[in-house]
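All remarks here apply to the structure that follows.
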Amino acid sequence: MTTLAAINYAPEEQLVTPRPYPQLIKYMGSKAKIINFVSESIQSIYNGGVVCDLFSGAASLSGALGASYPILTNDIQHYSSLIASVYLKPVKKIDSESLMQDATDYYKKARAKITTDIEYEGFDSLEAFNEIEERNRALIDQTFRHHYHLFVKNYSGTWWSAEQCLWIDAIKQAIDKRVKNGEFKQAEYALAMSTLLHAMAYSSQGTGHYAQYRDAKTESSMLDINIYRQKRLQDLFINKFDQMIIWSKENVTDLNHSITTLDYTDCLKKLKGGTVYADPPYAFVHYSRFYHAMETLCLYDYPELQVKGGSIVKGRYREERHQSPFCIRTQVNGAFEDLFSGVKKAGANLALSYSDTAMISLETLLDISKKTLSSGYEIWVEDMDHQHMTMGRQNDRSRDVKELMLLARKK
Ligand SMILES: C[S@@+](CC[C@H](N)C(=O)[O-])C[C@H]1O[C@@H](n2cnc3c(N)ncnc32)[C@H](O)[C@@H]1O
10 MTTLAAINYA PEEQLVTPRP YPQLIKYMGS KAKIINFVSE SIQSIYNGGV
60 VCDLFSGAAS LSGALGASYP ILTNDIQHYS SLIASVYLKP VKKIDSESLM
110 QDATDYYKKA RAKITTDIEY EGFDSLEAFN EIEERNRALI DQTFRHHYHL
160 FVKNYSGTWW SAEQCLWIDA IKQAIDKRVK NGEFKQAEYA LAMSTLLHAM
210 AYSSQGTGHY AQYRDAKTES SMLDINIYRQ KRLQDLFINK FDQMIIWSKE
260 NVTDLNHSIT TLDYTDCLKK LKGGTVYADP PYAFVHYSRF YHAMETLCLY
310 DYPELQVKGG SIVKGRYREE RHQSPFCIRT QVNGAFEDLF SGVKKAGANL
360 ALSYSDTAMI SLETLLDISK KTLSSGYEIW VEDMDHQHMT MGRQNDRSRD
410 VKELMLLARK K
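First residue of the sequence shown: 10, per the working numbering; consecutive thereafter.
Have a look at this one:
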């Protein structure tokens with residue numbers, strides 16, 4: 010491994026300690042667990058301007074540094090912009106009680122329209138449980154006449170029960186009402202939606218993402234799935250919402266932060282100076298597949314669902330999904346070239362996270378960085394060891410993986 014000597018520019022005593030922040034969702038590749046390493050690396054090369062979090066995901070960086078530096082946060086997925094807003098944009102007064110009252114009314118009306126038995130009650134065998142699952146899933150064939158039925162139709166009996174989906178639709182409807190009547194501006198909308206993403210994550214029967222939901226194949230998996238089927242999504246929502254409103258009031262200040270949902274190359278075109286933190290995907294899996302249900306909640310656009318062999322695929326993915334060049338072997342080198350040249354054109358410094366499980370070697374990455382950034386930059390790598398969270402890959406949860414940071418500072 011090529012490791013050049015580390016050069017720190019900011020004296021250690023000037024480094025800001027990351028702000029403790031509440032995490033809202035479970036996210037593959039989240040840097041929450043190594044946020045001290047990430048924050049220190051960025052600060053060690055920072056010399057003014059914005060900190061641009063180019064691939065912000067669950068917005069850990071905005072959580073940690075949003076009270077200390079002006080942040081430009083960006084990700085191609087819309088849900089990321091809403092979560093980042095929670096950490097960056099202060100909210101005005103929010104009446105959570107009346108929001109829940111409206112949601113309850115909407116829930117009751119929508120619930121009354123379902124005539125099949127969707128309750129997870131009174132089953133005494135695996136077979137009986139799976140019949141309930143099937144009745145939930147069959148709602149995809151029902152015609153609904155009211156507007157807010159996207160989740161109950163498309164996702165009942167998947168990661169969530171029909172009951173939980175009815176609540177997702179009802180809370181979304183109550184949030185949208187407040188946007189329409191002017192009670193919620195962007196910050197309040199983003200806080201409420203992010204909290205709904207949180208409630209979805211913690212009631213889902215999946216393994217932390219939405220690539221595949223679990224089937225009840227054995228008694229023990231049935232019992233485990235049923236724990237999630239019984240979770241009251243509405244309670245998860247309201248409890249977290251009230252906590253988040255308080256946290257926001259006590260911790261969030263707008264240091265002229267901005268939030269975009271652009272392709273990284275377009276985001277870099279808007280940047281002038283500052284320090285870019287880049288944490289691109291490092292595996293073949295597309296985030297848009299793992300988190301499609303969150304994107305669908307945010308867009309609420311009744312997407313076409315992917316069809317294979319004449320049937321809708323099990324994961325009920327959106328037909329239109331972003332394919333990242335960082336996850337395609339033939340495009341990954343070019344994607345990094347575009348990243349380095351965009352940083353250079355912006356006149357910015359760069360801190361690039363790298364995990365040694367990646368499909369591009371560190372040597373190749375260093376070669377591309379040196380070729381593209383050329384002599385105008387000092388480039389080096391810093392490393393640390395930590396437990397890697399792969400989420401879903403078997404027997405792989407606590408494998409030792411090296412997390413590295415490639416640093417490039419303008420001379
Ligand atoms: C490793 S994750 C970032 C995790 C983040 N640092 C955190 O702590 O939560 C990579 C992110 O890159 C985003 N992404 C992938 N391709 C992109 C592109 N072309 N432009 C912008 N964002 C992209 C994905 O949506 C994903 O959220």
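Glycine is no exception: its CB is placed at the ideal position from the N, C-alpha and C atoms.
Residue i beta carbon near ligand 1 (any heavy atom closer than 6 Å)
| i | result |
| --- | --- |
| K40 | yes |
| P29 | no |
| I177 | no |
| I85 | yes |
| Y36 | yes |
| D347 | no |
| D288 | yes |
| S69 | yes |
| Y273 | yes |
| G66 | yes |
| S50 | no |
| S333 | yes |
| Y296 | yes |
Assigned secondary structure, residue i (DSSP; H/G/I helix, E/B strand, else coil)
| i | result |
| --- | --- |
| H207 | helix |
| Y386 | strand |
| H395 | Residue confidence is low: H395 scores 37 on pLDDT, short of 50, so the model does not pin down where it sits. Its coordinate-derived value is still stated next. If DSSP states are grouped into helix, strand and coil, H395 belongs with the strands. |
| V60 | strand |
| W168 | coil |
| G318 | coil |
| R154 | coil |
| R298 | helix |
| K102 | coil |
| A73 | helix |
| K419 | strand |
| M368 | coil |
| M414 | strand |
| R327 | strand |
Sequence-distant residues of the same chain with beta carbon closer than 8 Å to residue i, five excluded per side
| i | result |
| --- | --- |
| P290 | G38, F64, Y296, S333, F335, C336 |
| D251 | S105 |
| A76 | R28, N260, V261, T262, L264 |
| T270 | N83, D84, I85, Q86, H87, S89, S90 |
| L24 | S48, E49, Q52, S53 |
| K258 | P99, V100 |
| G57 | G282, G283 |
| S230 | R223, D224 |
| L205 | I177, I180, K181, I184, F246, L306 |
| S94 | Q195, A196, A199, L200, S203, I268 |
Cβ neighbours of residue i in the same chain (closer than 7 Å, five flanking residues each side left out)
| i | result |
| --- | --- |
| I234 | Q214, R223, A225 |
| K35 | A210, G217 |
| V188 | Y198 |
| L386 | In the sequence as displayed, the identity of residue 386 is Tyr instead of Leu. So the qualifying residues of the chain are A417, R418, K419, K420. |
| S378 | F349, I388, L415, A417 |
| I141 | Y129, F132 |
| A208 | L242, L245, F246, K249 |
| D185 | none |
Extent of the continuous beta strand (DSSP E) run through residue i
| i | result |
| --- | --- |
| S362 | 358–364 |
| L81 | 80–83 |
| A287 | 284–287 |
| S267 | 267–269 |
Unbroken alpha helix (DSSP H) run spanning residue i, endpoints
| i | result |
| --- | --- |
| A121 | 105–121 |
| S89 | 87–97 |
| D233 | 228–238 |
| I44 | 44–54 |
| T274 | 273–279 |
| V462 | Coverage of the chain is limited to positions 10 through 420, which leaves residue 462 absent and any answer about it impossible. |
| I34 | Counting along the chain, I34 falls outside any alpha helix (DSSP H), and DSSP gives it neither H nor E. |
| D133 | That residue, D133, is in no alpha helix (DSSP H); it is neither H nor E in DSSP. |
| L245 | 242–260 |
Residues near residue i in its chain [Cβ-Cβ closer than 6 Å; skip 5 each side]
| i | result |
| --- | --- |
| L413 | Y363, V390, D392 |
| Y78 | V60 |
| K353 | L382 |
| I369 | V341 |
| H395 | With a pLDDT of 37 at H395, under the threshold of 50, the modelled position of that residue is not reliable, and no figure is offered here. |
| S350 | T381 |
| I254 | I103 |
CB contact below 7 Å: residue i versus chain B
| i | result |
| --- | --- |
| Q252 | Included in the structure is just one protein chain, with no chain B present. |
Cβ-heavy atom distance, residue i to ligand 2, below 6 Å
| i | result |
| --- | --- |
| G66 | Absence of ligand 2 from the depicted structure is noted, with ligand 1 being the only ligands included. |
Counting pairs of beta carbons, one from the region 294–302 and one from the region 131–150, are three or more of them closer than 8 Å?
no
Can at least three beta-carbon pairs, one atom from the region 310–318 and one from the region 337–347, be found at a separation below 8 Å?
no
When the Cβ atoms of the region 171–178 are set against those of the region 113–125, are three or more pairs found closer than 8 Å?
yes
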